[in-house]
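Single-structure report; data block below.
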Amino acid sequence: SAVISQKPSRDICQRGTSLTIQCQVDSQVTMMFWYRQQPGQSLTLIATANQGSEATYESGFVIDKFPISRPNLTFSTLTVSNMSPEDSSIYLCSVEDRSRPGTEAFFGQGTRLTVV
Amino acid sequence: AQKITQTQPGMFVQEKEAVTLDCTYDTSDPSYGLFWYKQPSSGEMIFLIYQGSYDQQNATEGRYSLNFQKARKSANLVISASQLGDSAMYFCAMRGVDSSYKLIFGSGTRLLVRP
Chain A
22 SAVISQKPSR
32 DICQRGTSLT
42 IQCQVDSQVT
52 MMFWYRQQPG
62 QSLTLIATAN
72 QGSEATYESG
82 FVIDKFPISR
92 PNLTFSTLTV
102 SNMSPEDSSI
112 YLCSVEDRSR
122 PGTEAFFGQG
132 TRLTVV
Chain F
12 AQKITQTQPG
22 MFVQEKEAVT
32 LDCTYDTSDP
42 SYGLFWYKQP
52 SSGEMIFLIY
62 QGSYDQQNAT
72 EGRYSLNFQK
82 ARKSANLVIS
92 ASQLGDSAMY
102 FCAMRGVDSS
112 YKLIFGSGTR
122 LLVRP
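One line per chain: the protein sequences are A and F, in this order. Every number in my numbering is 21 more than the matching position in the first sequence, counting from 1. Every number in my numbering is 11 more than the matching position in the second sequence, counting from 1.
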């Protein structure tokens with residue numbers, strides 16, 4: 022199974038600022054995914070990040086608000102830009118295990134973001 | 012469109028007893044995968060078990076088993092011999108062939124294990 026390190030684990034930010042969340046994997050993975058979990062809610066996919074190409078965003082999420090980088094096969098970042106209290110959520114990255122494609126999906130520890 | 016439904020917002024179970032968490036799904040994909048995750052209060056998502064749509068047998072992982080009924084489109088999670096550490100949110104999720112490996116999640120069930 023892939024080991025995923027996500028940083029920071031939590032942060033409290035001022036509205037109008039930006040926060041960049043990092044996701045590091047201990048093995049090369051084809052696909053990395055970024056999810057948002059609003060308080061008391063389920064997980065919603067923000068975007069899929071593939072190495073060497075632009076991220077693919079889900080309906081309701083835009084690149085200007087959630088820019089994503091994927092410089093190599095083991096690392097990705099998600100930035101939450103111009104934050105408002107509505108962005109307070111848990112943000113999680115997930116990867117596809119290339120050794121068992123489609124059968125497992127592992128998550129980082131999550132970043133608990135509070136915007137004040 | 013794919014959809015996952017978890018109809019139990021909360022469940023109680025006595026320690027050492029078994030509990031079943033319900034999950035139904037809807038998809039037009041001929042091939043798909045079903046997942047269960049545990050989310051403790053820390054917020055991390057812990058992978059528990061996977062069932063492929065073409066798997067002949069129900070998946071099992073230790074105390075976790077998946078009661079897969081394809082005709083009924085249900086994929087219930089059974090936890091045997093509940094432990095206090097099992098208290099958490101549980102999410103059912105689905106991934107289809109055409110969904111580019113993204114997961115669609117249900118609304119979750121909060122399980123509380125009583126001593």
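The beta carbon of each residue, even a glycine, is placed where N, CA and C say it ideally should be.
| Query | Result |
| --- | --- |
| Range of the contiguous beta strand (DSSP E) that encloses Gln58 of chain A | 52 to 58 |
| Contact under 8 Å by Cβ, Leu122 of chain F with Cys34 of chain F | no |
| Residue-chain proximity (Thr69 of chain A, chain F), Cβ-Cβ < 8 Å | yes |
| Beta carbon proximity, Phe79 of chain F to chain A, threshold 8 Å | no |
| Nearest to Phe128 of chain A (by Cα), restricted to the options F:Leu114, F:Thr120, F:Gly119 | F:Leu114 |
| Distance, Arg125 of chain F Cα to Ser22 of chain A Cα | 32 Å |
| Three CB pairs or more closer than 8 Å across the segment 35 to 45 of chain F and the segment 54 to 70 of chain F | yes |
| CB contact check: Glu117 of chain A to chain F, cutoff 8 Å | yes |
| Between the CA atoms of Ser105 of chain A and Val136 of chain A - distance to the nearest angstrom | 6 Å |
| Ala92 of chain F burial status per 10 Å Cβ neighbour count (16 or more: buried) | exposed |
| Any C-beta of chain A under 8 Å from that of Lys113 of chain F | yes |
| Residue range of the beta strand (DSSP E) that includes Asp37 of chain F | 35 to 37 |
| Contact between the segment 35 to 48 of chain A and the segment 20 to 27 of chain F (3+ Cβ pairs under 8 Å) | no |
| Asp72 of chain F at chain A interface by Cβ criterion, 8 Å | The question names Asp, but residue 72 of chain F in the sequence shown is Glu. No, because no Cβ of chain A sits closer than 8 Å to the Cβ of Glu72 of chain F. |
| Those residues which DSSP pairs with Glu32 of chain A across a bridge | In the sequence under discussion, the amino acid at residue 32 of chain A is Asp, which differs from the Glu named in the question. In DSSP, Asp32 of chain A forms a bridge with A:Leu134. |
| Own chain residues within Cβ distance below 6 Å of Thr38 of chain F, not counting five before or after | Gln13, Gly107 |
| Phe82 of chain A at chain F interface by Cβ criterion, 8 Å | no |
| Per-residue DSSP class, three states only, for Gly117 of chain F | coil |
| N- and C-terminal bounds of the beta strand (DSSP E) containing Ile84 of chain A | Here Ile84 of chain A belongs to no beta strand (DSSP E), and DSSP marks it neither H nor E. |
| Amino acids of chain F, ordered along the chain, whose beta-carbon sits closer than 7 Å to that of Ile111 of chain A | Gly54 |
| CB contact below 8 Å: Leu66 of chain A versus chain F | yes |
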